[in-house]
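Same order as they appear, the protein sequences are chains D and R. 468 is the number of the first residue of the first sequence in this note's numbering; add one for each residue after it. 468 is the number of the first residue of the second sequence in this note's numbering; add one for each residue after it. Glycine included, every Cβ here is placed at the ideal spot set by N, Cα and C. Keep in mind the model is a prediction, meaning the values are calculated, not measured.
Protein chains: 2
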Amino acid sequence: MSKIVLDVLSGVIPQRPPVWLMRQAGRYLPEYRQVRATTNSFIEFCLSPEKAAEVTLQPIDRFGFDAAILFADILLIPMTLDRRVWFEAGEGPKLDPLSADDIADLEIGDVEAILGPVGETVSILSRQLPGQTTLIGFAGSPWTVATYMIEGGGSKDRWNARRMYWQHPEAMEKLLDLLADATIRYLVMQANAGAEVLKLFDSWAEGMPPRMFNDVVIRPTKRIVDGLKHAGIDLPVIGFPKGAGTSYRAYAEQTGVTALALDHGLDAGWATANLPAGMPLQGQLDPAVLGAGGKELDAETDRIISAFSNRPHIFNLGHGITPDVPVDHVHRLVKRVRGTS
Amino acid sequence: MSKIVLDVLSGVIPQRPPVWLMRQAGRYLPEYRQVRATTNSFIEFCLSPEKAAEVTLQPIDRFGFDAAILFADILLIPMTLDRRVWFEAGEGPKLDPLSADDIADLEIGDVEAILGPVGETVSILSRQLPGQTTLIGFAGSPWTVATYMIEGGGSKDRWNARRMYWQHPEAMEKLLDLLADATIRYLVMQANAGAEVLKLFDSWAEGMPPRMFNDVVIRPTKRIVDGLKHAGIDLPVIGFPKGAGTSYRAYAEQTGVTALALDHGLDAGWATANLPAGMPLQGQLDPAVLGAGGKELDAETDRIISAFSNRPHIFNLGHGITPDVPVDHVHRLVKRVRGTS
């Protein structure tokens, strides 16, 4: 059976764009909250293959999205460097903050064993997904993961990580290389388990001078893309350097990714004029519009479909769906994208 | 006496750029912390003309910056709409969250009385500043102030404000218009007290679809610029739409501001090629580089001076200086910009 998401990623311009949503398996769905409530620890939940597969499938069952993205978290990878990760309710992820000195002692552990359950989740999904649905695996990009490791969690402006780049460039380079290499093994495992597309989330690619963007975003991303090819994995890779602005162009030209996910702040006119011709683009509805619903949602949906109508385009949000979004708004969006509303 | 900052803002390309730093009167200075410690409430501190003037002058005395920016806070303006503002130690600003319904009842109060002490601060500074130092007044831009009012303080992603724009556009428009009109009166007061330049801080101009950027950033900014002219104030206005990316161009072309402050994430090559010819630009050193110091600081400083050498350019950071920056790094930066290191 032909899969429209794979077709678009191979360069086909679709009649209507396929659609899936970042964080589509999530707290806005009552059936997700029900399964989630059966496990206390979020990390343990991510590492429970049956449950992770079940919540991955929920939005496919409900909305018939054209792609399913593996349910997991970008902060599993620090565990492969022997760093603890835990989630505190209402506060998000926590880690022991990492100093430049700490980085010298880091080593990559047994990635395939530590994150083996994620591979199992992918295997289950690969067997259970409908034939037309594309299975997307993913990982956080090294810079974004590094910011959480250095700050010890989320932070307002990633100050310690940014300063470490300028003050201890060699330590930062080592950390990013380790993360890239662990990520390659993690993604190879996902590919071997049945993932058909891989996505790299660089959620904090914003606000950097060019040299820094090159060193912490482009170089580690290229290392991963090259490493995957070297390992014989020839899947499409979607890169998401959120907030990169005009640096999306250098990212597109230099990392080797197949396609780009666009955040909702990137001007669509600039994107279509300046990003490599024929490169598939994904995005870019403002999640706040989905939260608002109504005719504004219809108008923005139409605007985005129209803006990318001459490109291979996968409809998506510009960032993840939030817990307060009414399920009805998602139905309305999907119908609008499909032209059945 | 000629003032180099005013010269640059009138279009002159200087031999070496003048320099000042956002938040140059701040916690990284021991003499600031000493004066700050004499008043418990931060709002009361901002509304104490002698003290606010004293801390404004401190970095001029220490570093000889080419401009002094009034010490105040962007969140004074909600007080003119009868909204309470307070600061909690370590948590930042707090307000009572504003709903769309609340907005219907808002009215502008006696701006000149409520913020009269700020006018007094400007008067004192106008008398006490060295003859070559330009005095900059400022206000927060309506959208940025609105986000704090709606969220009840700082927030990770300004979700409620963003959703309100899409869900209750008429309420958002009213709020932004009220804020713009109160801001015009506030800035007219500052101008009449002796401010020589006015700066508008839109700290949260990032991550918006074009229609939203137009409605919440461009339109209210233009309303302020037009309102100032209408009131007979003909001072240069520096606009700072932080994080606007390629939308800096529409902002530059449509708001009527005299000059643009660039954040550190905006590509300098894009900026010089795409922003209106001859428009003075200010920026854009990454504050994290100033935090790191050393040869990286020198290299980034040189890069920025060189990138804007064919433009009227004022050297500055791309965002405010942070409390942990060593004073020595600031000395090093100023010497480097002046070519005396």
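Interface residues of chain D facing residue i [CB-CB closer than 7 Å]
{"i": "Ser714/R", "result": "Asp734"}
{"i": "Arg630/R", "result": "Ala755, Gly758, Ala759"}
{"i": "Thr611/R", "result": "Result: empty, since nearest Cβ-Cβ is about 15 Å, beyond 7 Å."}
{"i": "Pro676/R", "result": "His731, Asp753, Glu767"}
Assigned exposure category for residue i - 16 Cβ within 10 Å defines buried
{"i": "Arg551/D", "result": "exposed"}
{"i": "Ala809/R", "result": "In the structure displayed, chain R extends from 468 to 808; residue 809/R sits before or after that span and is not available."}
{"i": "Ala744/D", "result": "exposed"}
{"i": "Trp553/R", "result": "exposed"}
{"i": "Met696/D", "result": "The sequence shown places Lys at residue 696/D, rather than the Met named in the question. By the neighbour-count rule (16 or more Cβ atoms within 10 Å), Lys696/D is not buried but exposed."}
{"i": "Gly607/R", "result": "buried"}
{"i": "Pro485/R", "result": "buried"}
{"i": "Lys709/R", "result": "buried"}
{"i": "Glu663/R", "result": "buried"}
{"i": "Arg803/D", "result": "buried"}
{"i": "Asn627/D", "result": "buried"}
{"i": "Lys762/R", "result": "exposed"}
{"i": "Val724/D", "result": "buried"}
{"i": "Lys470/D", "result": "buried"}
{"i": "Val502/R", "result": "buried"}
{"i": "Glu767/R", "result": "buried"}
{"i": "Arg629/D", "result": "buried"}
Strand pairing of residue i, partner residues [DSSP]
{"i": "Asn783/R", "result": "Gln751/R"}
{"i": "Leu602/R", "result": "Ala535/R"}
{"i": "Glu555/R", "result": "Gly559/R"}
{"i": "Asp549/D", "result": "According to DSSP, which records beta bridges pairwise, Asp549/D is partnered with nothing at all."}
{"i": "Gly760/R", "result": "Answer is none; Gly760/R lacks a bridge partner."}
{"i": "Phe668/R", "result": "Gly607/R, Phe707/R"}
{"i": "Ala726/R", "result": "Ile705/R"}
{"i": "Gly620/D", "result": "Lys561/D"}
Proximal chain R residues relative to residue i, where beta-carbon distance stays under 7 Å
{"i": "Glu763/D", "result": "Trp633"}
{"i": "Trp487/D", "result": "Ordered by position in chain R, no residue passes the 7 Å Cβ test against Trp487/D, which lies about 20 Å from the chain."}
Closer than 8 Å at the beta carbon, the chain D residues around residue i
{"i": "Asp446/R", "result": "What the structure shows of chain R is the stretch from 468 to 808, and residue 446/R is not part of that stretch, so it cannot be assessed."}
Own chain partners of residue i with C-beta closer than 7 Å, once the 5 adjacent residues on each side are dropped
{"i": "Leu764/D", "result": "Val756, Leu757, His796, Arg799, Leu800"}
{"i": "Thr430/D", "result": "Past the edges of chain D, shown from 468 to 808, lies residue 430/D, and the structure says nothing about it."}
{"i": "Met631/D", "result": "Ala567, Ile617, Ala638, Met639"}
{"i": "Ser590/R", "result": "Ala660, Gly661"}
{"i": "Arg805/R", "result": "Arg483"}
{"i": "Arg625/D", "result": "Thr614, Glu618, Trp671"}
Neighbouring residues, chain A, relative to residue i (Cβ below 8 Å)
{"i": "Glu673/D", "result": "Absent from the structure: chain A. Protein chains present are D and R."}
Residues that residue i contacts on chain R, provided the C-beta gap is smaller than 8 Å
{"i": "Thr789/D", "result": "Trp626"}
{"i": "Trp737/D", "result": "Thr713"}
Spatial neighbours of residue i in its chain, beta-carbon cut-off 6 Å, leaving aside the 5 residues before and after
{"i": "Gly694/R", "result": "Ile651"}
{"i": "Met656/D", "result": "Glu579, Gly586"}
{"i": "Asn659/D", "result": "none"}
{"i": "Ala539/R", "result": "Cys513, Val585"}
{"i": "Leu665/D", "result": "Gly604, Leu654, Leu702, Val704"}
{"i": "Glu673/R", "result": "Gly710"}
Own chain, CB closer than 8 Å to residue i, minus 5 neighbours either side, in chain order
{"i": "Leu729/R", "result": "Tyr715, Ala735, Ala738, Leu748, Gln749, Gly750, Gln751, Gly785"}
{"i": "Pro790/R", "result": "Gly493, Arg494, Tyr495"}
{"i": "Arg500/D", "result": "Arg494"}
{"i": "Leu809/R", "result": "In the structure as shown, chain R starts at 468 and stops at 808, and residue 809/R therefore has no counterpart that could be examined."}
{"i": "Ala561/D", "result": "A small correction: the amino acid at residue 561/D is Lys; Ala does not occupy that position in the sequence shown. Only Val552, Trp553, Phe554, Glu555, Gly619, Gly620 meet the Cβ criterion."}
{"i": "Ser515/R", "result": "Thr506, Pro584"}
{"i": "Leu537/R", "result": "Ala519, Thr523, Val585, Thr588, Val589, Leu592, Leu602, Ile603, Gly604, Phe605, Gln657, Ala662"}
{"i": "Gly760/D", "result": "Pro793, Asp795, His796, Arg799"}
Which residue spans inside the segment 678-708 of chain R form an unbroken beta strand (DSSP E) run of at least 3? 704-708
Which residue spans inside the segment 472-544 of chain D form an unbroken alpha helix (DSSP H) run of at least 4? 497-503, 509-513, 516-530
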